[in-house]
Every structure is written in structure tokens, then in C-alpha cells.
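Those letters in the sequence shown? Residues 44 to 366, by my numbering. No residue lacks a Cβ here, since even glycine has one placed at the ideal position from N, Cα and C. Here the structure is laid out as C-alpha cells; the discussion comes afterwards.
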Amino acid sequence: MSDGLPKIELHLHLEGAAPPAFIRGLASEKGSDLSSIFGDDGGYAYRDFADFLRVYEAACTVLRRPEDYARLTRAVLERSAEQGVVYTEIFVSPDFCGGRDLGAWREHLEAIRAASDAVPEIDMRCIVTAIRHFGPDAARQTARCAAEAAGDFVTGFGIGGNEHAGELRDFAYGFDMAREAGLGLTAHAGEWRGPESVRDALDHLRVDRVGHGIRAIEDPALVKRLARDGVTLEVCPGSNVALGVYSDWSAHPVERLRAAGIAVTVSTDDPPFFRTDMSREYARLSDTFGWEDEILAEIARNAARAAFCDEDTRAALLKWIGG
44 MSDGLPKIEL HLHLEGAAPP AFIRGLASEK GSDLSSIFGD DGGYAYRDFA DFLRVYEAAC
104 TVLRRPEDYA RLTRAVLERS AEQGVVYTEI FVSPDFCGGR DLGAWREHLE AIRAASDAVP
164 EIDMRCIVTA IRHFGPDAAR QTARCAAEAA GDFVTGFGIG GNEHAGELRD FAYGFDMARE
224 AGLGLTAHAG EWRGPESVRD ALDHLRVDRV GHGIRAIEDP ALVKRLARDG VTLEVCPGSN
284 VALGVYSDWS AHPVERLRAA GIAVTVSTDD PPFFRTDMSR EYARLSDTFG WEDEILAEIA
344 RNAARAAFCD EDTRAALLKW IGG
């Protein structure tokens, strides 16, 4: 497998991509004690998915100012560029960037964009993301932040967080608001809940893509629907294995989903939490499923076609990949 292939990443959480050393450094600067979220090796330490969310949100407590987010964005993008990523869409939440206050959100977003411009090797877009376990009312406020910022940098809206909190239909208002603003839509589903959650994302939120979506494999009719309708899945195999959704890489359904005709893509989700990066994901896919350059290029083309970007950018990406 050649590691020189240009990569496109569609499912990456900004705070979740923060290197542990970066968060420790900020904590030291601000006099915050976050020692409990790190293990003996210096990495993030958590027991299960619920504890992962706790550690994630604890790390966010030292990201307080637009300047903090600017530094974080630059660190994340530089790391992605080192992995051969040429285009990335990053989940950014106004819940953490200014507490859903429109003025504070704009200041954070301006800092993030300036940091993105400072790393020309990689093209970035933002997907504004509601946090499911914060509830539908908060999600509406987040959708308003997304709609106010919609343009050439903020191009999508989604929802993440605890998949067991509430029902996706409860968040339809926010998605309708984002759709009216012209944003692309995606939702985390089919990771911790079964295939019915993927169906809910399609039926109630009318999303263009599904984050994870892997448990669709448990429902043959849903698999056929996803393939027929051209719904793209943002698959994060290393994340799913690290969190115990699947016991190991060989049990992961990404190859079965691809073979069924579904447009799958590959991303890292929250890479330092899962001890991964895009190069490792590609290498494990090659080792486990025999994916060589032809299939990996297909995966990148899927991502380019599903990206929430302008058509000129999409055409340039497809030309770069060779498709």
C-alpha cells in the first residue's frame, strides 16, 4: 500500500483531536488540574464510552478563549497534513466555543478560520455540531449559530454526543433550520444504537451523510436503501474498535458495507483518544481487508463527492485523487 495517496477526512472532532500534551500545556497555563484524565503513559484514560465523554468534556474546560481554539486548530491541521490529508471537515460546537452566545461564537469562529488559513497544505471546512445529550433546546441554539455563520467556511450541520440521549426526531427543528440556511447535514447514528437509529436519521433529520452508521449492516433492507439512495457513511474503524463497538478489526463491517455498494469513507473521529491517525487507519484497512491503492482511492473519491464544499473544490479534489 502506498502512503502517498491524498486523503480526505470528513469526520473529525476539533476538541477530540487535541493532543494530550496540548491539553496538559493549556491546563498548566491556566492552573487547572486535569491529571485525572490522563494515564501513566501521558495519553487520555477512560473506561468506556460514557467515561470517554466525561474525559472529552473535561479536556474542553481549558479551551476557554478564541486564542486557545486558534492554537488547537493549527496543531490539529498540521498533524493532519503530516498524514497526507489534503481536505478535512471538522466538527466544531458552539457549546464549547462561546457557550452558544452568537457574539462569542463569531469570535471563536474567526480565530479558527485564521488558524486554518495559516496551514495552506490542507483545506478545511467546519461542520457545526449540536451535542445530543445537551438536549433539543440547546441544539436549536446551536443550529441558529450554524445558520448565522453559513457560508464558504461553515458548510455543514450535525449532531454528536451520547446516542442514547433522546430521540433524533426531537432534533428535527434544528436540522430544518440548518437546511434552510443551505448547510449540508450529517448525524451520528448507528454506532451505539442499532440500525433503527440510522433509519431515524434518514427519515426524521433527512441527512445527506451518516456519521458511523456501521450497525446498518444488521438490517439487509437498510443496507439496500443506503446503497440505492447514495447515502455516504463516515466510517471510523479505529474508533469503533477502541471503544468496543467491535472486538477487533476483522469483525468490523466496513468491507461488507463497501461490498454492498454503500459509499463508505474513512476518518479518525478523535484520533489521540484512540491512538490512531489516518495513516494507521489506511494501514490497518490494508492489512485486515487487503485494501490496496485502488480501493483506498475509491474511498477518497467517495469522500470528495460527499464533501460539504463548493463544486470547484470538489472538482479539484477529484482531479488530485484521479477520478
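| query | If V171 and C188 are in contact, beta carbons under 8 Å, what's the gap, nearest whole angstrom? | reply | Residue 171 sits at position 128 when you count from the first residue of the sequence shown. Residue 188 sits at position 145 when you count from the first residue of the sequence shown. Confirmed, about 6 Å.
| task | Report the three-state DSSP secondary structure of G161 (helix, strand or coil). | result | Mapped onto the sequence shown, residue 161 falls at position 118. It should be noted that the sequence gives Ala, not Gly, for residue 161. Taken through DSSP and simplified to helix, strand or coil, A161 comes out as coil.
| Among D272, R268, L265 and P238, which has the Cα closest to the Cα of R258? | Sequence index remark: in the sequence shown, residue 258 carries index 215 (1-based). From the listed residues D272, R268, L265 and P238, the smallest Cα separation to R258 is found for P238.
| said: Assuming the contact rule is C-beta atoms closer than 8 Å, D266 and A303 should be a hit. Round their C-beta distance to whole Å, please. | reply: Locating residue 266 in the sequence shown gives position 223, counting from the first residue. Locating residue 303 in the sequence shown gives position 260, counting from the first residue. The sequence as given places Val at residue 266; Asp does not occur at that position. About 5 Å separates the beta carbons of V266 and A303, which is inside the 8 Å limit, making them a contact pair.
| Do the segment 222-242 and the segment 275-289 touch if we need at least three Cβ pairs shorter than 8 Å? | Result yes; three or more Cβ-Cβ pairs closer than 8 Å.
| said: Below 8 Å, how does it come out for the segment 132-149 and the segment 323-341: are there three or more Cβ pairs, yes or no? | reply: Taking a contact to require three or more Cβ pairs closer than 8 Å, the segment 132-149 and the segment 323-341 do not qualify as touching.
| query | With distances taken from CA atoms, which of L145, E58, R107 and T356 is nearest L120? | reply | As a working mapping, residue 120 is identified with position 77 in the sequence shown. Comparing alpha carbon positions, the residue from L145, E58, R107 and T356 closest to L120 is E58.
| task | Using alpha carbons as the reference points, say which of D180, E191, G178 and A124 lies closest to E150. | result | Your numbering for residue 150 matches position 107 in the sequence shown. Among D180, E191, G178 and A124, the Cα nearest to that of E150 belongs to E191.
| message | Tell me the residue span of the beta strand (DSSP E) that contains E234. | response | In the sequence shown, the residue the question calls residue 234 occupies position 191. Run containing E234: none; DSSP gives neither H nor E here.
| query | Between A375 and A147, what straight-line distance do the alpha-carbon atoms span, to the nearest angstrom? | reply | The requested residue 375 does not occur in the structure, where the chain is confined to residues 44 to 366.
| Buried versus exposed call for A346 [16 or more other C-beta atoms within 10 Å across all chains shown] | The residue labelled residue 346 in the question sits at position 303 within the sequence shown. Classification of A346: buried, given that the 10 Å Cβ count is 16 or more.
| query | DSSP three-state call for E150: helix, strand or coil? | reply | The residue you call residue 150 lines up with position 107 of the sequence shown. Helix at E150.
| Roughly how many angstroms lie between the CA atoms of N205 and H176, to the nearest whole one? | On the sequence shown, position 162 is the one that residue 205 refers to. On the sequence shown, position 133 is the one that residue 176 refers to. About 6 Å.
| Among residues of its own chain, excluding the 5 on either side of G203, which ones have a beta-carbon nearer than 6 Å to its beta-carbon? | Locating residue 203 in the sequence shown gives position 160, where the first residue counts as 1. Counting only Cβ-Cβ distances below 6 Å, and skipping sequence neighbours, we find T172 and H231.
| said: Less than 9 Å between the C-beta atoms of L248 and A270, yes or no? | reply: Translated into positions along the sequence shown, residue 248 becomes position 205. Translated into positions along the sequence shown, residue 270 becomes position 227. Going by C-beta atoms, L248 is not nearer than 9 Å to A270.
| task | Go through its chain and collect everything with a Cβ distance to P385's Cβ below 8 Å, but skip five positions before and after it. | result | As displayed, the chain neither begins before 44 nor continues past 366, which places residue 385 out of reach and without an answer.
| query | Out of D251, D246 and S240, which has the shortest C-alpha to C-alpha gap to I260? | reply | Taking the first residue of the sequence shown as 1, we reach residue 260 at position 217. Out of D251, D246 and S240, S240 has the C-alpha closest to the C-alpha of I260.
| request: List in chain order: all unbroken beta strand (DSSP E) runs of 3+ residues lying wholly within the segment 164-239. | output: If we require 3 residues or more, the beta strand (DSSP E) runs fully inside the segment 164-239 come out as 166-174, 197-203 and 227-232.
| task | Measure the alpha-carbon distance for I342 versus F351 and round it to whole angstroms. | result | On the sequence shown, position 299 is the one that residue 342 refers to. On the sequence shown, position 308 is the one that residue 351 refers to. A direct Cα-Cα distance of roughly 16 Å separates I342 from F351.
| field | Sequence-distant residues of its chain with Cβ nearer than 8 Å to L286 (five each side left out) | value | Translated into positions along the sequence shown, residue 286 becomes position 243. These residues qualify, in order along the chain: D91, F92, F95 and F317.
| message | What does the alpha-carbon distance come out to for the pair D144 and G194? | response | Taking the first residue of the sequence shown as 1, we reach residue 144 at position 101. Taking the first residue of the sequence shown as 1, we reach residue 194 at position 151. So the alpha carbons of these two residues sit roughly 19 Å apart.
| query | From which residue to which residue does the beta strand (DSSP E) around R252 run? | reply | Working through the sequence shown from its first residue, we reach residue 252 at position 209. First-last of the beta strand (DSSP E) with R252: R252 to H255.
| Limits of the alpha helix (DSSP H) - the one that F332 falls within | Sequence index remark: in the sequence shown, residue 332 carries index 289 (1-based). Per DSSP, the continuous alpha helix (DSSP H) segment holding F332 begins and ends at M321 to F332.
| query | At which residue ranges does the segment 281-310 contain complete beta strand (DSSP E) runs of 3 or more residues, listed in the order of the chain? | reply | Taken in chain order, the complete beta strand (DSSP E) segments of 3 residues or longer contained in the segment 281-310 are 306-309.
| query | Would you report the Cα separation of E125 and P49, rounded to the nearest angstrom? | reply | The residue you call residue 125 lines up with position 82 of the sequence shown. The residue you call residue 49 lines up with position 6 of the sequence shown. C-alpha of E125 to C-alpha of P49: approximately 11 Å in a straight line.
| field | Same chain, Cβ closer than 7 Å to W292, neighbours up to 5 away in sequence not counted | value | The sequence position of residue 292 within the sequence shown is 249, counting from 1. Correct list, in chain order: P280, V284, R327 and T331.
| query | Which term fits S136, buried or exposed, when burial requires 16 or more other beta carbons within 10 angstroms of its beta carbon? | reply | Reading the sequence shown from its first residue, position 93 is the one you call residue 136. Result: buried.
| field | For M44, the three-state DSSP class (helix, strand or coil) | value | Indexing the sequence shown from 1 puts residue 44 at position 1. Per-residue confidence for M44 stands at a pLDDT of 47, beneath the threshold of 50, marking its modelled position as unreliable; no derived number is given.
| query | Where does F139 fall in DSSP's three states? | reply | The residue labelled residue 139 in the question sits at position 96 within the sequence shown. Per DSSP, reduced to three states, the secondary structure at F139 is coil, with no helix or strand assignment.
| request: Using a threshold of 9 Å, state whether the C-beta atoms of V278 and T319 are closer than that. | output: As a position in the sequence shown, residue 278 is number 235, starting the count at 1. As a position in the sequence shown, residue 319 is number 276, starting the count at 1. Their beta carbons are not under 9 Å apart, which means V278 does not touch T319 by this criterion.
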